[in-house]
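K.L.:
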Amino acid sequence: MAAAVVGGAFLSAFLDVLFDRLASPEFVDLILGKKLSKSLLSEDNSDGSEVSVVPIVGMGGVGKTTLAQLVYNDENLEEIFDFKAWVCVSQELDILKVTKTITEAVTGKPCKLNDLNLLHLELMDKLKDKEFLIVLDDVWTENYVNWRLLKKPFNRGIRRSKILLTTRSEKTASIVQTVHIYHLNQLSNEDCWSVFANHACLSSESDGNTTTLEKIGKEIVKKCNGLPLAAQSLGGMLRRKHDIVDWNNILNSDIWELSESECEVIPALRRSYHYLPPHLKRCFVYCSLYPQDYEFEKYELILLWMAEDLLKKSSKGRTLEEVGHEYFDDLVSRSFFQRSNTSRSSWPYGKCFVMHDLMHDLATSLGGDFYFRSEELGKETKIKTKTRHLSFTKFNSSVLDNFDVVGRAKFLRTFLSIINFEAAPFNNEEAQCIIVSKLMYLRVLSFHDFQSQDSLPDSIEMPRGMSKLNHLQHLDFFVVGKHQENEIKELGGLSNLRGQLELRNMENVSQSDEALEARMMDKKHINSLLLEWSRCNNNSTNFQLEIDVFCKLQPHFNIESLQIKGYKGTRFPDWMGNSSYRNMTRLTLSDCDNCSMLPSLEQLPSLGSL
């Protein structure tokens, strides 16, 4: 108990300065990251029978996740713990999903198990006699039985191991705790002002304008209700605005009176949104299609923005991708997006981002009827006629039996599936035709999670009638099939495709004229192209057919990146060295075993990577 009292007092003292220096990475790394780690992780379960669970409790936006990140990212912990894992849990506790995520973090490789008992055995084997730190962020469950089931494998570890858990619920904390509960209260107006001022980059020089801005800013901060997320967001919004009129407009806005019944922080965040440039507003609201706590890749979202025409063409000659990077970074700097700490963010996808729960709530409220996100499409799903963008996270056969539920949204532009296909297999026969026959105005068709697989099953083919989607602008990949309805010529009418395109199973092109009918030269918005022959093509002896097919797949001269994998022809097409490809900066050739000579590349002036 003495340790709990000392630890709690130490934490309370440090919280007084935590957000005062939130914008200073040096301060966080040098002091908070070290001392808070020692404070939070010094306590052990009194009887030593179980791994210690340390709950951090506080309302939304008060900084629970920030505090957990300081502990998790402390470099000194690398020497203490054998394993670390970070998992966003959210409102629905999916024990299988959480256990699998932890297993992947511990093993450093994909986990294909979908049986909880087998997962428990796998995880227990890895954690046995190991010391680990696991962060469970945003836990809502108040079911003791489910909690014990989730926690079961952890007790195989060394008792000095720690589970750090963040929650808004006092009841949740009382169920999971084995040691002292840490309560995070709202900041004082003085501390909240420090966060706001740091993010607003308000000058420390005492001139008339700064003094006036400080006076107005402190009144704005009082409306943040002690929530650092609100202060951080508003400060970031005013980072480039040091005009007294702008600050007064925020202070006196009617938006402060909105949504008080929903959440005290929403008016402040809504004000931050109100002052976003129009192009960033559209990009932010589009993210309401993502589920809460969904981790998204930067490039993935930029491609979707491109397909939706949300990126303005640059007058400075920059590509749309470069414009998208600028938009994305701007939203990060304004705290609308945050970097993720989970294992998915480091492997195998690269850095991922998330939206804070309250930011996600804001995007959802702003999306209105134009954006519709469903956990599972079915008979009872109500989609309004005016809906333009739809996403869903579970695929059920009832979706196919009752696809008129979706078909009523006749002007639907986005049909985005955010599915773990490994856990919920996609039946190709069932899915054929429903998309192309009902959604003629579709612009975005994403099979994103398929891309995490090393290879696609041989049975996977594209839906029939893809050529009818002539409004389609974003397609992750096209798998060339062996049947007429899945041939490469189905791409012929998709002239609006843009960004990145991957053509897989190229060995299924049986006649070179089919490749010509794909009309790749007409697709002037494609800037990155991958042509891939699968491994089953290794024994191919029809070299001339592959040469002819490759020659007739010449892309538009706007192409910037070209990747060729598994090609078994004996030479490359002459067009690869055409001087008209002045924008090509990257050429990748892999597993092209039968080619002894490179194409003539001296006429590609921009080529920087080979």
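UniProt numbering applies: residue 1 is where the sequence shown begins, and numbers increase by one.
Positions of the beta carbon are idealized from the N, C-alpha and C atoms, including for glycine.
Tell me which residues share the same chain as E170 and place their Cβ nearer than 7 Å to its Cβ, disregarding the 5 neighbours each side in the sequence.
P.N.:
The answer, listed in chain order, is V57.
K.L.:
On the DSSP letters alone, give me the boundaries of the beta strand (DSSP E) that A173 sits inside.
P.N.:
Careful: A173 lies outside any beta strand (DSSP E), inside the alpha helix (DSSP H) at E170 to V176.
K.L.:
Using only the alpha-carbon positions, how far apart do R535 and C111 sit?
P.N.:
23 Å
K.L.:
Measuring CB to CB, does Y371 end up less than 7 Å from H389?
P.N.:
yes
K.L.:
Comparing alpha-carbon positions, which option in V53, G226 and L531 lies nearest L164?
P.N.:
V53
K.L.:
Give the DSSP-derived three-state secondary structure of P425 in the structure shown.
P.N.:
In this prediction, P425 scores a pLDDT of 42, lower than 50, which makes its location untrustworthy; the coordinate-derived value is nonetheless stated afterwards. Three-state result, P425: coil.
K.L.:
Look at L497 and K524 and say whether their C-beta atoms are less than 7 Å apart.
P.N.:
no
K.L.:
Does DSSP put residue 673 in a helix, a strand or coil?
P.N.:
Nothing can be reported for residue 673: it is not among the residues displayed for the chain, which extend from 1 to 610.
K.L.:
Could you tell me if K128 is buried or exposed, where buried requires 16 or more neighbouring beta carbons within 10 angstroms of its beta carbon?
P.N.:
exposed
K.L.:
Helix, strand or coil for S261? Go by DSSP, reduced to three states.
P.N.:
Because the pLDDT at S261 is just 44, under 50, the model does not fix this residue reliably, and the point stays unresolved.
K.L.:
Does the pairing of the segment 462-476 with the segment 269-281 give three or more beta-carbon distances under 8 Å?
P.N.:
Contact between the segment 462-476 and the segment 269-281 is absent: fewer than three C-beta pairs spanning the two stretches fall below 8 Å.
K.L.:
Sorted by chain position, which residues of the same chain lie with C-beta nearer than 6 Å to L15's C-beta, five sequence neighbours on each side aside?
P.N.:
Because the pLDDT at L15 is just 36, under 50, the model does not fix this residue reliably, and the value given afterwards should be weighed accordingly. Within its own chain, no residue has a Cβ closer than 6 Å to the Cβ of L15 once the five positions on either side in sequence are excluded.
K.L.:
If contact is defined by three or more beta carbon pairs under 8 Å, each pair taking one atom from either stretch, is the segment 104-119 in contact with the segment 183-193?
P.N.:
no
K.L.:
Within 10 Å of its beta-carbon, does Q544 have 16 or more other beta-carbons around it, so buried, or fewer, so exposed?
P.N.:
exposed
K.L.:
Just tell me which of V135, V139, K151 and D137 has its CA closest to the CA of L119.
P.N.:
Ranking the options by Cα distance to L119, first place goes to K151.
K.L.:
What are the boundary residues of the alpha helix (DSSP H) that includes residue 611?
P.N.:
Outside the displayed range of the chain (1 to 610) lies residue 611, so it cannot be described from this structure.
K.L.:
Quick test of your reading: H556 and M521, contact by CB under 8 Å. State the CB separation rounded to the nearest angstrom.
P.N.:
6 Å
K.L.:
Apart from the five residues just before and just after L331, which ones in its own chain have a Cβ nearer than 8 Å to its Cβ?
P.N.:
L280, C283, F284 and F337
K.L.:
With a CB to CB cut of under 6 Å and the five nearest residues on each side skipped, what residues in its chain are close to Q91?
P.N.:
W140
K.L.:
For N581, count neighbouring C-beta atoms within 10 Å of its own C-beta (all shown protein chains included) and say buried if the count is 16 or more, exposed if not.
P.N.:
Position check: residue 581 holds Tyr in this sequence, whereas Asn was assumed. Buried, by the Cβ-count rule.
K.L.:
Count Cβ pairs between the segment 234-241 and the segment 62-70 that sit closer than 8 Å; are there 3 or more?
P.N.:
no
K.L.:
With distances taken Cα to Cα, identify the nearest neighbour of Q500 among N594, R413, N527 and L93.
P.N.:
N527
K.L.:
Whole angstroms are fine: how far does the CA of S512 sit from the CA of V549?
P.N.:
5 Å
K.L.:
With a threshold of 8 Å on Cβ separation, who are the neighbours of E142 within its own chain once the five nearest residues in sequence on each side are excluded?
P.N.:
S169, K171, T172 and I175
K.L.:
Under three-state DSSP, which class holds S365?
P.N.:
helix
K.L.:
Using the Cα positions of W347 and N578, report the straight-line distance between them to the nearest angstrom.
P.N.:
Low local confidence applies: a pLDDT of 41 at W347 is under 50, so the model's placement there is unreliable, and no value is given.
K.L.:
To the nearest angstrom, how far is the alpha carbon of I80 from that of L123?
P.N.:
20 Å
K.L.:
Among D293, E321, G317 and K312, whose alpha-carbon lies nearest the alpha-carbon of E300?
P.N.:
If we check each option's Cα against that of E300, E321 comes out closest.
K.L.:
Where do the N-terminal and C-terminal ends of the beta strand (DSSP E) with T166 fall, by residue?
P.N.:
K162 to T167
K.L.:
Using 8 Å for Cβ pairs, my map puts V354 next to S340. What's the rounded Cβ distance?
P.N.:
5 Å
K.L.:
Are there 16 or more other CB atoms within 10 angstroms of the CB of M462, so buried, or fewer, so exposed?
P.N.:
buried
K.L.:
Would DSSP call L604 helix, strand or coil?
P.N.:
If DSSP states are grouped into helix, strand and coil, L604 belongs with coil.
K.L.:
As a quick exercise: from S374, V480, K384 and T385, pick the residue whose alpha carbon is nearest that of F392.
P.N.:
S374
K.L.:
To the nearest angstrom, how far is the alpha carbon of K313 from that of L304?
P.N.:
Using only the alpha carbons, I get a separation of about 15 Å.
K.L.:
State the CB to CB distance for the pair L503 and L530, rounded to an integer number of angstroms; the pair is presumed to be in contact (CB under 8 Å).
P.N.:
7 Å
K.L.:
Would you report the Cα separation of Y567 and H474, rounded to the nearest angstrom?
P.N.:
Roughly 25 Å separates the two Cα atoms.
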